[in-house]
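*Asks:*
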Amino acid sequence: MKSKIFIIAVALFVLINITCISAVENTQTINNTLHHNTNDFTTLNNDLNKNTTTNQFHKNYIYNSSRDDGYKSGILINRNNYVLDGKNHVIDAKNNARIFNITSSNVTLKNIRFINGNATNGGAIYSKYGLNLINCIFENNNANQSGGAVFIENDYSKSKLTSTFINNNANNGGAIYFNSTTENNSIKSKFKNNTATRAGGAIYFRGTSTGNEFKSGFYNNMALEASGGAMFFYTLSQQNIYNSIFQHNMAMYGAGIFFYNQSNNNIFNSTFKYNTAKSCGGSIFFHNKTNNNTFDGIFKNNTGLTGNGGAITFKDESTNSIFNCNFINNRAGEHGGAINFRQTPHNITFNGNFTNNHARYGGAINFFDSLDNIIFNGSLTRNHATQIGNGIAFTKE
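Taking my numbering, I'd label the letters of the sequence shown as residues 3 to 399.
(1) Distance check for isoleucine 104 and histidine 60, CA to CA, integer angstroms please.
(2) Which residue comes first and which comes last in the beta strand (DSSP E) that contains phenylalanine 180?
(3) Which runs of the beta strand (DSSP E) at least 3 residues long sit entirely within the stretch 313 to 350? Give them in chain order.
(4) What is the DSSP secondary structure of phenylalanine 270, reduced to helix, strand or coil?
(5) Looking at the unbroken beta strand (DSSP E) that takes in asparagine 375, where does it start and where does it end?
(6) Cutting at 6 Å between CB atoms, please list the residues of its own chain near isoleucine 64, excluding the five before and the five after it.
(7) Between Ile168, Phe343, Thr278 and Phe356, which has its C-alpha nearest glycine 412's C-alpha?
(8) What distance in whole Å lies between the Cβ atoms of tyrosine 363 and histidine 386, which are believed to be in contact at a cut-off of 8 Å?
(9) With a threshold of 6 Å on Cβ separation, who are the neighbours of alanine 201 within its own chain once the five nearest residues in sequence on each side are excluded?
(10) Which class does aspartate 371 belong to by DSSP, given the choice of helix, strand or coil?
(11) Determine the contact status of threonine 164 and glutamate 185, defining contact as a CB-CB distance below 8 Å.
(12) May I have a chain-ordered list of the beta strand (DSSP E) segments no shorter than 3 residues that lie completely inside the stretch 199 to 260?
(13) So the alpha helix (DSSP H) threonine 44 belongs to, where does it begin and stop?
(14) Of the choices Ile269, Ile117 and Ile286, whose alpha-carbon is the least far from that of tyrosine 276?
(15) Assign isoleucine 305 to one of two classes, buried (16 or more other C-beta atoms within 10 Å of its C-beta) or exposed (fewer than that).
(16) Locate the beta strand (DSSP E) running through phenylalanine 297, then write down its first and last residues.
(17) Within its chain, find whatever has a CB closer than 7 Å to the CB of asparagine 406; leave out the 5 residues flanking it on each side and keep chain order.
(18) Give the DSSP bridge partners of lysine 61, in chain order.
(19) Name the residue from Lys112, Phe43 and Ala177 whose alpha carbon lies nearest to the alpha carbon of asparagine 142.
(20) Could you tell me the alpha carbon to alpha carbon distance between asparagine 134 and serine 159, rounded to whole angstroms?
(21) What's the gap between the Cα of asparagine 303 and the Cα of asparagine 328?
(22) How many angstroms separate the CA atom of alanine 126 from the CA atom of serine 281?
(23) Going straight from the alpha carbon of lysine 130 to that of lysine 112, what length do you get?
(24) Does DSSP classify aspartate 71 as helix, strand or coil?
(25) Do you know offhand how far phenylalanine 260's Cα is from asparagine 48's?
(26) With a threshold of 16 other CB atoms inside 10 Å of the CB of arginine 69, please say whether the residue is buried or exposed.
(27) Thinking C-alpha only, which one of Asn118, Leu373, Gly380 and Thr383 is nearest threonine 397?
(28) What runs of the beta strand (DSSP E), each 3 residues or longer, lie entirely inside the stretch 147 to 184?
(29) Taking DSSP as the reference, what is the three-state secondary structure of threonine 56?
(30) In this structure, does DSSP put isoleucine 7 in helix, strand or coil?
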């Protein structure tokens with residue numbers, strides 16, 4: 003009987019050890035498989051080189067610091083008319099590298115999520131020429147200088163930008179930096195929680211902007227130290243159509259849009275709500291002369307905290323402007339609860355309504371200088387000034 007018990011015990015011991023050995027071997031196999039199937043930037047580069055014109059990928063890729071040091075400045079794309087479809091997969095640079103360095107023209111990237119890119123210019127993408135970005139997501143990318151997510155070096159024309167930009171950061175152009183001319187583009191995207199230390203919380207335009215259509219949403223973007231909480235235009239802006247929503251954006255000047263140079267022949271058919279400028283221009287700040295602009299849409303609950311123009315500030319002369327929009331509940335710390343004109347306006351027509359706007363001087367509108375052919379067909383309702391002019395004030399410094 004004792005012999006039988008002993009034999010059974012030995013058998014159980016052997017079986018347990020075999021099971022344990024098998025489990026260890028299986029674990030090693032799984033680990034080896036995971037390691038073998040890790041899709042790093044080196045693998046992505048090899049995958050992209052399999053096809054010279056059109057490519058797709060069906061897996062995620064992640065930067066591997068032990069293998070991908072050669073891709074710090076981004077994986078090179080140098081084929082014209084190249085199309086890459088990521089099938090909604092993710093490329094994660096782990097805050098160690100840029101993702102793509104594009105030196106060719108007419109490249110189209112679609113259905114890709116770009117996260118944690120990091121570079122001097124263009125945290126996720128640097129493109130020498132224009133490119134199409136369709137149904138992509140750019141999230142948590144950073145640039146030490148310009149273009150937290152994307153940096154476009156040369157002219158950008160006749161391109162489509164229909165993507166989402168969230169939590170990207172840079173010194174200028176928290177999400178995108180256009181270094182040169184932009185012309186006849188369609189920008190229909192969402193920009194949320196992007197930040198620029200200096201200017202252009204979401205987008206910075208360095209060159210002339212002409213004939214572009216903006217049909218986008220700008221939410222909670224910030225320019226911390228300077229101007230253009232959502233958008234900053236350094237050079238001439240002309241013949242653009244702004245059919246967008248600007249909401250909860252912040253800057254020192256121009257919480258929604260800041261125009262440093264002239265703005266001519268533009269159509270502003272947009273909604274501006276709850277934007278805050280620490281100084282002037284709760285929604286829009288025009289630093290230079292403006293000509294032949296049309297303003298439609300709604301300006302509501304925007305604020306110029308310590309300065310002028312709760313909704314709009316014109317620092318220089320404005321000529322041939324038409325205001326068909328409604329201004330509701332906007333506030334300025336000093337002049338012009340809704341609009342402030344710093345210099346003489348010429349041939350201005352007001353067709354909209356001003357309701358419940360507040361300032362020290364000019365609850366609705368303040369004019370600092372003389373007037374030249376002003377037509378007012380709108381209405382003034384319950385606007386308030388703590389000093390002069392509940393509706394309209396004429397002040398001198």
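Cβ atoms here follow ideal geometry from the backbone N, Cα and C, with glycine treated the same way.
*Replies:* Put simply:
(1) If you draw a straight line from the Cα of histidine 60 to the Cα of isoleucine 104, it comes to about 21 Å.
(2) Annotation: the continuous beta strand (DSSP E) that includes phenylalanine 180 extends over 178 to 180.
(3) Runs of the beta strand (DSSP E) inside the stretch 313 to 350: 314 to 316, 328 to 330 and 341 to 343.
(4) strand
(5) For asparagine 375, the enclosing beta strand (DSSP E) has its first and last residue at 374 to 378.
(6) Asp94
(7) Outside the shown range of the chain (3 to 399) lies residue 412, about which nothing can therefore be said.
(8) Actually they are not in contact, since the Cβ atoms of histidine 386 and tyrosine 363 sit about 11 Å apart, beyond 8 Å.
(9) If we look at alanine 201 and ignore the five residues flanking it on each side, its Cβ neighbours are Asn174, Ala225, Ala228, Ser229, Gly230 and Phe234.
(10) Three-state result, aspartate 371: coil.
(11) no
(12) 205 to 207, 219 to 221, 224 to 229, 233 to 235, 247 to 249 and 252 to 255
(13) 43 to 50
(14) Ile286
(15) Residue 305 is actually threonine in this sequence, not isoleucine. Classification for threonine 305: buried.
(16) 296 to 302
(17) This structure gives no information on residue 406, because the portion of the chain shown stretches from 3 to 399.
(18) Answer is none; lysine 61 lacks a bridge partner.
(19) Proximity to asparagine 142 across Lys112, Phe43 and Ala177 peaks at Ala177, based on C-alpha coordinates.
(20) 10 Å
(21) Using only the alpha carbons, I get a separation of about 11 Å.
(22) 33 Å
(23) Our two residues, lysine 130 and lysine 112, have alpha carbons roughly 18 Å apart in a direct line.
(24) helix
(25) 43 Å
(26) The residue is exposed, with fewer than 16 neighbouring Cβ atoms inside 10 Å.
(27) Leu373
(28) 152 to 154, 162 to 168, 171 to 174 and 178 to 180
(29) Reduced to three states, the DSSP call for threonine 56 is strand.
(30) Because isoleucine 7 carries a pLDDT of 41, less than 50, the predicted location of this residue cannot be relied on, and no value is offered for it.
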